[in-house]
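Read through the structure below, which is laid out as structure tokens, and then see the notes.
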Ligand SMILES: Nc1nc2c(c(=O)[nH]1)N[C@H]1C(S)=C(S)[C@@H](COP(=O)(O)OP(=O)(O)OC[C@H]3O[C@@H](n4cnc5c(=O)[nH]c(N)nc54)[C@H](O)[C@@H]3O)O[C@H]1N2
Ligand SMILES: Nc1nc2c(c(=O)[nH]1)N[C@H]1C(S)=C(S)[C@@H](COP(=O)(O)OP(=O)(O)OC[C@H]3O[C@@H](n4cnc5c(=O)[nH]c(N)nc54)[C@H](O)[C@@H]3O)O[C@H]1N2
Ligand code: SF4
Ligand SMILES: [Mo]
């Protein structure tokens, strides 16, 4: 039989002789945060599988990561530092040494600081990897940027900020119930979330509930693959969910089904909120959401009579002008039904923050000599073309492909073309963004570096041990920043701590959730559940709001300049708000998660690109016929900001007036040299400057039939 060189206490003999099994974790920006095992043979990774015993991963990865090993060894992977030799955007580079690359960077950054001050440096970290050492959760490089006084990001505004802030006004935090507790629900509302594409590991808990009789409702403007599996699907107009929530509550209150005992003991401002709810009778809500009144009433009655009801919402739901308010209002529903107090009831938007990472020790704000400005990552175009005092003179991009992923692509391209801007991109592949770099640095991938991970859709943390040596001259972010600090002549020892030392500091906390969890244990076991009770109910000891109660009425929201009550904020580009714009651009375009890519990661992976096919836009038959568009036609999708080309897919999976496409394609893959983000506005959601990707009006025309004034 087999024998195994054991790296970890949890392994039993299960592999070929001489093989080494190494625990790791998926680094991608995905709620599931899977734990995996790498099989290493003769120094090479030959196998990758999900950890079978991990209750959330449950032995499976996903269609994107199953073939990860071929991505790691892809022939077009960046392996050496490069210097630009062509014009910005041309993508012509020559190989240089690490010493030269780091030396050039150090000189440029020192010059920038001398001429403009540290804030002229913009460290632009995206969500390419989430880890606490190399990735965005730990703001890799934070110590160095603090020492240099560089500008900061306000948070990962690109993805989830608005919704997190919105739910915090109601329950005090961005987090909600343990997603695993969906298995105890009797009614599950999958509200603006495409589970089977974006975080399929949750599905088994939903199925477990269904086996015990739970009813599953999908609320999504698109008939997604998740909606297709639900017992019922409601397709409201995009961005109208808070109105729907208030309408459902109207039905519940009319029935007298609110949980008065819970409300009395655990909430603040019920009378005011009740008056707000009264303003949203189903007839009004039907007009706002475009849903039949009878279906709103029926769902309201179902919620009123089914305990416990669980709501799963994710980030897509808040990519609208009223995204923060949407989560604020949805989070109030279990406050009215009392389901926050029942196992299997409540809402989960994110679990991020359940891991009480010691970020203060990781970041060391004391290295900052004075407070620095924060920049919004979804306003990169504006930041590069309009910001002054100081202007951005040095842009260090890592874990991000902003030319593909960030709103207002044309403006970003213009900013990245600036001759006086020094741009460094740390990457795995020759993305469109890389083409604008002065210096390109090759980063290690997950099998080649150490990292510490949590998940934003579960309560586990994991240690990712390096399994193989990096190919070529790839380096981890942590090492790149150590080398840069040295080349810049900085001598604070905090800038030179090892990866393990950093990981130990992240885990250094008196918080009970980390009781008994050490780096040694993680290295031994690969992953652990945080020390919360199991099953877990978050708000049994009250809500972490100023009043200690769930706040229907929030003084904090009021002080921050918002409506103190949950309410409904229409989309910026709603026909009711901007009628003239809606006439010019009649279709609301959603650009949602692709089943085969993770944001723009993998859009260059041949097998996944083949499965995904060309960029598509789904149009309702009525909308298609009106424009003489047939299934399979090549169309130009445009508005006053820009355009991109896609294949028309004519289907009733969307309603008239709504169109759907997917995010992630690289602009350079299209003959228009653009993707959907050429049409998306550089605009903030109501709370926390989140992006409004799905609040986007467009018109569509056959390629070849574009008129000059329209495009
Ligand atoms: N396969 C795959 N998985 C991913 C990603 C990916 O790119 N590909 N992206 C990852 C990332 S970065 C994130 S942040 C997460 C979470 O990202 P998700 O929340 O999954 O993001 P979306 O796909 O934008 O939106 C989810 C669903 O919400 C719907 N939706 C959009 N607007 C509205 C609305 O106004 N009302 C309602 N009710 N529904 C609406 C969309 O049609 C979509 O089906 O997923 C992660 N998982
Ligand atoms: N239209 C539209 N656009 C969207 C969205 C939408 O719903 N609609 N969703 C938004 C969301 S939710 C998000 S989170 C953003 C994501 O936007 P980004 O943060 O830009 O993420 P990606 O597009 O995946 O690009 C990540 C890049 O990092 C690289 N990378 C991966 N790992 C590492 C590493 O360890 N080191 C380095 N140096 N590089 C690495 C990958 O090769 C990839 O090119 O996109 C947003 N864009
Ligand atoms: S992308 Fe998500 S589902 Fe796929 S392996 Fe990574 S964490 Fe798991
Ligand atoms: Mo995201």
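In full-length UniProt numbering, the protein residues as written are 1 to 711. Glycine is no exception: its CB is placed at the ideal position from the N, C-alpha and C atoms.
Item	Value
Count the other CB atoms within 10 Å of the CB of residue 435; is the residue buried (16 or more) or exposed (fewer)?	buried
So is residue 279 buried or exposed if we call it buried at 16+ other beta carbons inside 10 Å?	exposed
Put residue 503 into one of helix, strand or coil per three-state DSSP.	helix
Label residue 342 either buried or exposed according to how many other C-beta atoms from any shown protein chain fall within 10 Å of its C-beta, with 16 as the threshold for buried.	buried
What does a CB cutoff of less than 8 Å around residue 656 pick up in its chain, not counting 5 residues either side in sequence?	620, 622 and 623
On the DSSP bridge assignment, give the partners of residue 715 in chain order.	Outside the displayed range of the chain (1 to 711) lies residue 715, so it cannot be described from this structure.
With distances taken from CA atoms, which of 696, 446, 417 and 472 is nearest residue 82?	472
Would you mind working out which of 190, 288 and 197 sits nearest residue 214, comparing C-alpha positions?	190
Assuming contact is defined by CB atoms lying nearer than 8 Å, are residue 409 and residue 642 in contact in what I supplied?	yes
How long is the line joining the alpha carbons of residue 532 and residue 84, rounded to whole angstroms?	50 Å
State the DSSP-derived secondary structure class of residue 662, mapped to helix, strand or coil.	strand
Could you give the DSSP three-state label for residue 700: helix, strand or coil?	strand
Measuring from the CB of residue 200, is there a heavy atom of ligand 3 at a distance below 7 Å?	yes
When the Cα of residue 320 is compared with those of 68, 601 and 592, which residue comes out closest?	592
Given that a residue counts as buried once 16 or more other Cβ atoms are within 10 Å of its Cβ, and exposed if not, what is residue 75?	exposed
Within a Cβ cutoff of 7 Å, which residues of the same chain sit near residue 516, ignoring the five residues on either side of it in sequence?	531
Looking at residue 427 and ligand 2, is the gap between the Cβ and the nearest heavy atom below 7 Å?	yes
Which stretch, first to last residue, makes up the beta strand (DSSP E) that contains residue 398?	394–398
Taking only the alpha-carbon atoms, compute the straight-line gap between residue 390 and residue 412 and give it to the nearest angstrom.	18 Å
Spatial neighbours of residue 553 within its chain, please: CB distance less than 8 Å, with the 5 preceding and 5 following residues excluded, ordered by chain position.	268, 269, 272, 273, 564 and 565
Measuring straight from C-alpha to C-alpha, what distance separates residue 128 and residue 594?	16 Å
What beta strand (DSSP E) runs, 3 residues minimum, are completely inside the stretch 77–124?	82–84 and 93–95
For a minimum of 3 consecutive residues, which ranges assigned as the beta strand (DSSP E) are wholly contained in the stretch 185–229?	187–191 and 215–219
Consider the C-beta atom of residue 233 and the heavy atoms of ligand 1; say whether any pair is separated by less than 7 Å.	no
For ligand 3, enumerate in chain order all residues having a CB closer than 5 Å to any of its heavy atoms.	26, 28, 30, 32, 34, 61, 62 and 65
Hey, how far is the Cα of residue 377 from the Cα of residue 615?	25 Å
Would the stretch 138–148 count as touching the stretch 165–177 if we require 3 or more Cβ pairs under 8 Å?	no
If I measure Cβ to Cβ from residue 134 and keep anything under 7 Å in the same chain, skipping five residues before and after, which residues do I get?	140, 449, 451, 476, 477 and 478
State buried or exposed for residue 483, treating a residue as buried only when at least 16 other CB atoms are found within 10 Å of its CB.	buried
Rounded to whole angstroms, how far is the Cβ of residue 290 from the Cβ of residue 237, which I believe are closer than 8 Å?	4 Å
Short of 8 Å in beta carbon distance, which residues of its chain neighbour residue 710, apart from the five on each side in sequence? Order them along the chain.	Unreliable positioning characterises residue 710 in this predicted model, as indicated by a pLDDT of 49, which lies under 50. The coordinate reading is nonetheless provided below. The residues are 638, 699 and 701.
Considering Cα atoms alone, identify which of 63, 102 and 130 is closest to residue 25.	130
According to DSSP, simplified to helix, strand and coil, what is residue 669?	helix
Beta carbon of residue 158: closer than 7 Å to some heavy atom of ligand 2?	yes
Just checking residue 93 against ligand 1 - is the residue's beta carbon closer than 7 Å to any of the ligand's heavy atoms?	no
Between 583, 668, 636 and 397, which has its C-alpha nearest residue 604's C-alpha?	668
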